[in-house]
Every structure is written in structure tokens, then in C-alpha cells.
Amino acid sequence: MERILIKISEQANALKIRNFKKLFAEYVKAQQKAAGIVVADSVTQFEGQELELNCGQWQADDSGITGIGSYGAEVEACNHPLLPVLRLVNIDTGVEKLKLAYRKGKQWRYTIAEKKTLASNNSILELANVGIAVNSENSRNMVKYLHDVESLNYDLIPEKNSVARLGWIGDNGFSPYVENLVFDGEANFKGFFESVSNCGSYDKWLAHVRHIRQGGIPIRMILASAFASVLVPITESLSFFVHLWGSESGTGKTVALMFAASVWADPEAGKYIHTFNGTAVSLELSAGFVNNLPLILDEFQMLKNKKDFESVVYMLAEGIGRGRGAKSGGLQKAQTWRNCILTSGEMPITNFMTGAGAFNRIIEIECTEKLFENPLETLAIIRNNYGFAGKFFIERIQEDGNFERAKDLYLQFYKQITQSDATEKQAMAGAVLLTADALATEWIFQDGKALTIEDISDYLQTKTEVDINERAYNYICETVAANSNRFNPANENGEIWGKVVDDQAYIIRSVFERICSDGGYSSRAVLSWLMRKNLVETSKQSGSGKIVPSKVVKIGGSSIRCVIMQLKPIEDEDDWDDMIL
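Take the sequence shown: its letters are residues -2 to 578, numbered as in the numbering used here.
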């Protein structure tokens, strides 16, 4: 009917009748009045509906939703029941969404959509993906129906706060433990969100964890990391990694991550714990989603592109994602987080780090012995009993005065750790771990087994270990020692890299640059550092008089520019043998 009237309207325009639409609508009203028909507001009459809503001049029952179109003819908005049942206001963004109930057959189903989606004839077509009968023919009518129903029932439709992530939400508490807080995030994070729950017996979980805490320091540090994550924003410290590694299988690295996850959530793989088998973007989205809860990633060796991993570590440690353009123009809101990232793998993460900034944010724990007496027993218990301790920890930390107490403890530990050779950022991470473990020991475990500074000091990087130039210097010295035949000009087999005279290495300049590049270091930055430390001989450039960290020397009868670098002194002959090997 609508199409017919459009054609008639076009013909009327051709005949220079400009107000056909208005004339026809008045004609329909006159005919209805003559027939004694009065169009009054209706209510939804869907079987099993949870709300009865005023739908104005729309007729809404089990046969579908119809109304009066522009020309007074009947139009269809939907051929099955559909109505808004809940308004959601996101705490972080203020964006409003509607929860829609719809039924095809006997079963009611639900979906959540942004108001922006429901306001456009084109974007509302996305609802077809969840089974709502919308197409290019009825989309305009569906937009109008949903707008009319919400407007007519604004106070009747319930409104709740919503969130698309986990963690602290300002003065509103901690997601997901806030009453009447609804998840309105992406569908692929729904299972992730729902995994943060409790199951089984708290007492059974607690008894087993107390027994495990009688063991070694590594597993106690992993457990402390799970609690420490939520204290990172409270203590105003920085996000950091705790990486569990070991080349031998069977030490319990994966079980240890599941053990930590059981503090908060279902520890089963794919529920709360995920792997490195994803893109940088997926890791960024996951970090933004967990927000202040620990991001737990297993199997570092599954990382698809280890060359890019340093940038991923920087990004995760910095706590902010990349800026991206929005479809509607401008920039999307960048993902942010402040937490602890718990990881495991067969090798240290720092093998792939060159920058001191990323190196500084990682606490590495090598697994040389089994972490659990009976890993199968631990798995059986934590798979069926989990999620209680984290919720209880949040309840206690929110009690009056406990935020301040956590800050005071953190500052005490930080001050003590910085008196050692640990870097400031390593001291921050260590202090958060110790603070969390002290509070968890007092509030939850009550076993007197809180970690001490002495317990964790061996796992904190020193200033020398973190210094990128110091590491580059060590790397070059090791490369020279491991390639002694390349530094023998009399050797006729293979490429010559220079020569070693007493305790100095004469490295051909191009070879020096290649060695630095292979190790992931800047040759320019390394040479500048070597000059400041008086570890390299210098010369003046002819003409400019500029001091440069190289000299022209003879190697194998040829004059060539070399970097003449002081080698590290070997205090023990066994050490030299180890370097050569």
C-alpha cells in the first residue's frame, strides 16, 4: 500500500498537485471519523511480556507491530513481539543503551543496543544479526516505534548503571561486585566478565592455599601478584609484569597461573586465563577490559611475532592503548588500565627486551623446581572452588581507613627497597606485592607467612642489570669472546671482524654497527655511553676537529676505521673459559 501511495504521489507532483500527502491524510481521517473510528493510544499486548508499555497509535500484539503511515495506510514495524525493557547508562562513558526483548516462537530473547544504533534507519539493520526481523523495508518504522515507546514510557522503563569492563569504577565501587550493575560490553567479552564469580567452597579453597603457602617463595609471589593488581591504582604505582618461566616442562607454570586466577575467577583456560596466541590489538582490548584485575596470559612461546613483542610490553606496562580514529570522525576513547600482568613461558621475556623502560617493569621468576607437591590435587580443588578470596579482599579494602593503610604500607616497603640497588620502578612493583601479601595474610590467610623484602630481593632487577648501555656493553664483550677466530687477522677461513690486542678489541666500524643492530641496540647510543665511561679510544676528524669514537688502524695489512673498545676484565680464568664456550 505504501509503495502504491508513493507512486500516486509522484503522479500528483507531475500534475503540479504539491500537497497530495497532506490531502490524502486528511481524507483518511475524515473517512475514519465518518465510520466512527477513533484512534486512541494502545498498550503492548505480547504474551509473556515483562512490561506493559504504552505504544501510542501502534498496534503491538503477538501477530506483530503495525501503525499508521504518512499517507494514513497501515505500515509494519516488526512481524514479531519487540519492546524495550531496560535502559542502561554506562558509568564510564555516559552512553545510553536499551535492552530489547523480542520473541520469535515461544522463547523470549534479549539484546543490548546503543541508542545511536536504534536511531538510524541504516544502523538498526545490525539487529538482524541477532534474529530481529528488520530489513530495508521496515527499518524506518522500527526506528519510529522504538522511539515512540521509549518516549511514552520513559519513567516506566527501568534504568540501571552499566559497565563494559572490570575493576574500580570511581565512587561506585568495583566491577563486577556492585549491586544492580549490568554488563553492556562487547559480546565476545561476556564470558570473560561472567568468569569473575564464585563457585564451590571458600573453606576448601582456603585450606588448600594455606597448605601451598608453606612452600617456596615463587608460588607465594604469584599468589601475591593476583591480589596486588587491584592495589596498583590505590598506591598510585605503575603496571608491571610478573613472568614465570622455565625451559623444563612439568614444573607447574600453567597450574600456578590458574592458582592465581582462582582468587578472582574461574581458572579454566579460555574462561579468565588466555594465551599469547593473539594480536597486539586483542591483548590491548583484554588489558582494557580487566582494567585493574590481573591480566593473565599463558604460553609466551605462542606469541605470533616476537619482534613486535617489546612494543606490546611497553604498551601493556604503560597502561594505555593506541589512539584510533572513530567511524564518525575524531578519535575513539583510548583503552586504559592499571594492573599486574601475570605471564608464563619457556624463556624469559627480557630475552626480547632492549629498552630499559620495558625491562624495568618486569619481575621474572625462574622455575627450577616443581611449584606444587601434587598439581593434580591443586587443579581439582581450584577448578571447583574459586572466586571468594578476591571479592572478600575488595570488601575489606573498601572499609574505612584501609585505602590509606594500603598506601602507608606501600610507602614503607618502597622506601626500604629503594635503599638497596633495585631501580625505582622495580621497587614500586616489589612494594605493591609486599603490601598486597601483608594485607591478604592478615585478612584472609592468617598464617604468618607474609612475604618479606629479603624473600623477593633476588627477583628484583638492579640498576646495573636494567641499564641498557651496560647490557649492550656486556653483549658486545660476549660477542667478541664467542667469535675469537673472527678477531685473528691470520685466520684465512671466514670473515675478519677485527683483532684483539691485550685487553682491547679493535672492531671494524661496520661490524660494530652490525653487532649492535643484531642485539637490538643503537650503535650511536652505545658509542656515546662508551665515550662517557672512557671505554673507547677517540680521535679527531681532519678538517672539523670533531672527536669521534673510532680510529684508523691496520688490520691484515689494510688501513680501516675501527672502534677500539676496552674489554671487561676477567677476574677468574674459569669465567673466561665460560665466555669462550
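Virtual Cβ for every residue (Gly too), placed ideally from N, Cα, C.
Discussion item. Measuring alpha carbon to alpha carbon, tell me which residue in LYS388, MET139, SER308 and VAL545 is nearest PRO78.
Written reply: The residue given as residue 78 occupies position 81 in the sequence shown. Nearest in C-alpha terms to PRO78, of all of LYS388, MET139, SER308 and VAL545, is MET139.
Discussion item. Looking only at its chain, what residues have a beta carbon closer than 7 Å to the beta carbon of THR420, apart from the 5 residues adjacent to it on each side?
Written reply: Here residue 420 refers to the residue found at position 423 when the sequence shown is read from its first residue. The beta carbon of THR420 sits closer than 7 Å to those of ASN357, GLN458, LYS460 and VAL463, all from its chain and outside the five residues before and after it, given in chain order.
Worksheet entry | Own chain partners of GLY170 with C-beta closer than 6 Å, once the 5 adjacent residues on each side are dropped | Position 173 of the sequence shown, counted from the start, is the residue given in the question as residue 170. Nothing listed; no residue qualifies.
Discussion item. For the pair the region 547 to 560 and the region 490 to 510, tell me if three or more CB-CB distances fall below 8 Å.
Written reply: Contact between the region 547 to 560 and the region 490 to 510 is present: three or more C-beta pairs spanning the two stretches fall below 8 Å.
Discussion item. Which of the three DSSP states is assigned to LEU228 in this structure?
Written reply: Residue mapping note: residue 228 aligns to position 231 of the sequence shown, counting from 1. DSSP, read as helix, strand or coil, puts LEU228 in helix.
Worksheet item: What alpha helix (DSSP H) runs, 4 residues minimum, are completely inside the region 476 to 523?
Response: 506 to 516, all fully within the region 476 to 523.
Practice prompt. May I have the straight-line CA-CA distance separating ILE166 from THR276, to the nearest angstrom?
Written response: Here residue 166 corresponds to residue number 169 of the sequence shown, with the count starting at 1. Here residue 276 corresponds to residue number 279 of the sequence shown, with the count starting at 1. Going by the C-alpha atoms only, they are around 27 Å apart.
Practice prompt. Specify the secondary structure class of THR340 as computed by DSSP and reduced to three states.
Written response: For the purposes of this step, residue 340 is taken as residue 343 along the sequence shown, with counting starting at 1. Note: THR340 maps to strand in three-state DSSP.
Worksheet item: Relative to the alpha-carbon of ASN382, which residue among TYR151, ASN195, GLU315 and SER172 has its alpha-carbon at the smallest distance?
Response: Numbered from 1 along the sequence shown, position 385 holds the residue referred to as residue 382. Check the Cα spacing between ASN382 and each of TYR151, ASN195, GLU315 and SER172: the tightest is with ASN195.
Practice prompt. Name the two residues that bound the continuous alpha helix (DSSP H) containing ARG207.
Written response: Residue numbering aside, residue 207 sits at position 210 when the sequence shown is read from its first letter. Element bounds for ARG207: 199 to 209.
Item to complete: Under the assumption that PRO372 contacts CYS337 (Cβ atoms under 8 Å), give the Cβ distance between them as a whole number of angstroms.
Response: Translated into the one-based positions of the sequence shown, residue 372 becomes position 375. Translated into the one-based positions of the sequence shown, residue 337 becomes position 340. Not confirmed; about 23 Å, so no contact.
Worksheet item: Between which two residues does the alpha helix (DSSP H) containing GLU451 stretch?
Response: Position 454 of the sequence shown holds residue 451. Looking at the DSSP string, the run of the alpha helix (DSSP H) that includes GLU451 is 450 to 453.
Discussion item. According to DSSP, simplified to helix, strand and coil, what is VAL550?
Written reply: Stepping through the sequence shown from its first residue, residue 550 is reached at position 553. DSSP places VAL550 in strand when its eight states are reduced to three.
Worksheet item: Residue range of the alpha helix (DSSP H) that ALA582 falls in?
Response: What the structure shows of the chain is the stretch from -2 to 578, and residue 582 is not part of that stretch, so it cannot be assessed.
Discussion item. Counting beta carbon pairs with one atom in the region 426 to 446 and one in the region 206 to 226, are three or more of them shorter than 8 Å?
Written reply: Judged by Cβ distances under 8 Å, the region 206 to 226 makes contact with the region 426 to 446, as three or more pairs qualify.
Discussion item. Could you check whether LYS157 and VAL193 sit closer than 8 Å to each other, using their CB atoms as the reference points?
Written reply: What you label residue 193 is simply residue 196 of the sequence shown in a count that begins at 1. What you label residue 157 is simply residue 160 of the sequence shown in a count that begins at 1. Taking 8 Å as the Cβ cut-off, VAL193 and LYS157 do not qualify as a contacting pair.
Discussion item. Measuring only the C-alpha atoms, how far is LYS548 from ALA479?
Written reply: Along the sequence shown, read from residue 1 onward, the residue named residue 548 stands at position 551. Along the sequence shown, read from residue 1 onward, the residue named residue 479 stands at position 482. A direct Cα-to-Cα measurement between LYS548 and ALA479 gives close to 24 Å.
Discussion item. If contact is defined by three or more beta carbon pairs under 8 Å, each pair taking one atom from either stretch, is the region 361 to 381 in contact with the region 196 to 210?
Written reply: Under the three-pair Cβ rule at 8 Å, the region 196 to 210 counts as touching the region 361 to 381.
Worksheet item: Under the three-state reduction of DSSP, which class applies to ASN471: helix, strand or coil?
Response: Along the sequence shown, read from residue 1 onward, the residue named residue 471 stands at position 474. It is helical.
Worksheet item: Is LEU80 near ALA98, with beta carbons less than 8 Å apart?
Response: By 1-based counting over the sequence shown, the position of residue 80 is 83. By 1-based counting over the sequence shown, the position of residue 98 is 101. The answer is yes: Cβ separation under 8 Å.
Worksheet entry | Alpha carbon of ASN132 to alpha carbon of ARG402, nearest angstrom | As a first step, residue 132 must be located in the sequence shown, where it is residue number 135. As a first step, residue 402 must be located in the sequence shown, where it is residue number 405. Separation of ASN132 and ARG402 (C-alpha to C-alpha, rounded to the nearest whole angstrom) is 58 Å.
Item to complete: Pull up the distance between the alpha-carbon of THR365 and that of ALA469, whole angstroms please.
Response: As a working note, residue 365 is residue 368 in the sequence shown. As a working note, residue 469 is residue 472 in the sequence shown. Distance between THR365 and ALA469, taken at the CA atoms: about 27 Å.
Discussion item. Using a Cβ-Cβ cutoff of less than 6 Å, which residues in the same chain neighbour GLU147 once the five nearest sequence positions on both sides are dropped?
Written reply: Here the question's residue 147 lines up with position 150 in the sequence shown. Excluding residues within five positions, the ones whose Cβ falls inside 6 Å are PRO81.
Fill in: Neighbourhood of ASP452 by C-beta distance below 6 Å, restricted to the same chain and skipping five residues each side
Counting from one through the sequence shown, the residue named residue 452 turns up at place 455. Same-chain partners within the cutoff: ILE214.
Worksheet item: Among residues of its own chain, excluding the 5 on either side of PHE509, which ones have a beta-carbon nearer than 7 Å to its beta-carbon?
Response: For this step, residue 509 is matched to residue 512 along the sequence shown. Excluding five sequence positions before and after PHE509, the CB atoms of its chain that fall closer than 7 Å to its own CB belong to SER520 and VAL560, given in chain order.
Worksheet item: When the distance is taken between beta carbons, is TRP55 closer than 8 Å to ILE74?
Response: Position 77 of the sequence shown holds residue 74. Position 58 of the sequence shown holds residue 55. The amino acid occupying residue 74 in the given sequence is Ala; Ile does not appear at that position. Yes, the Cβ-Cβ distance between ALA74 and TRP55 is below 8 Å.
Item to complete: Compute the beta-carbon to beta-carbon distance between ILE346 and ALA331, rounded to the nearest angstrom, for a pair I have assumed lies under 8 Å.
Response: Residue numbering aside, residue 346 sits at position 349 when the sequence shown is read from its first letter. Residue numbering aside, residue 331 sits at position 334 when the sequence shown is read from its first letter. With a Cβ gap of about 24 Å, ILE346 and ALA331 do not count as contacting.
Item to complete: Could you tell me which of GLY247, ASN488 and SER226 sits nearest to PHE238, measuring between CA atoms?
Response: Numbered from its first residue, the sequence shown carries residue 238 at position 241. Scanning GLY247, ASN488 and SER226 for the CA closest to the CA of PHE238 turns up SER226.
Fill in: Cut-off 8 Å between Cβ atoms - residues of its own chain near SER120, not counting five sequence neighbours on either side
In the sequence shown, counting from the first residue as 1, residue 120 sits at position 123. Excluding sequence neighbours, SER120 sits near LYS113 and THR114.
Fill in: Among GLU47, ALA204, GLY61 and ASP59, nearest to PRO155 - alpha-carbon criterion
Walking along the sequence shown from the start, residue 155 turns up at place 158. A check of alpha carbon separations from PRO155 across GLU47, ALA204, GLY61 and ASP59 identifies GLU47 as the nearest.
Discussion item. Rounding to the nearest angstrom, what Cα-Cα distance links PRO230 and LYS565 in this structure?
Written reply: Along the sequence shown, one-based indexing puts residue 230 at 233. Along the sequence shown, one-based indexing puts residue 565 at 568. Answer to the nearest angstrom: the Cα atoms are 42 Å apart.
Worksheet item: So, is VAL260 buried or exposed, given that buried needs 16 or more other C-beta atoms within 10 angstroms?
Response: Against the sequence shown, residue 260 aligns to sequence position 263. VAL260 comes out buried.
Worksheet item: Within 10 angstroms of its Cβ, does GLU475 collect 16 or more other Cβ (buried), or is it exposed?
Response: Numbered from its first residue, the sequence shown carries residue 475 at position 478. With fewer than 16 Cβ atoms within 10 Å of its Cβ, GLU475 is classed as exposed.
Practice prompt. Would you kindly work out how many angstroms separate the C-alpha atoms of GLU111 and ALA428, rounded to a whole number?
Written response: Working through the sequence shown from its first residue, we reach residue 111 at position 114. Working through the sequence shown from its first residue, we reach residue 428 at position 431. Rounded to whole angstroms, GLU111 to ALA428 spans 42 Å at the Cα level.
Worksheet entry | Coil, strand or helix - ILE88 by DSSP | As a working note, residue 88 is residue 91 in the sequence shown. Of the three classes helix, strand and coil, the one that applies to ILE88 here is coil, per DSSP.
Practice prompt. Output yes or no for whether 8 Å exceeds the beta carbon distance between GLY249 and LEU368.
Written response: Position 252 of the sequence shown, counting from 1, holds the residue named residue 249. Position 371 of the sequence shown, counting from 1, holds the residue named residue 368. Annotated as proximal: GLY249 and LEU368, with beta-carbon spacing under 8 Å.
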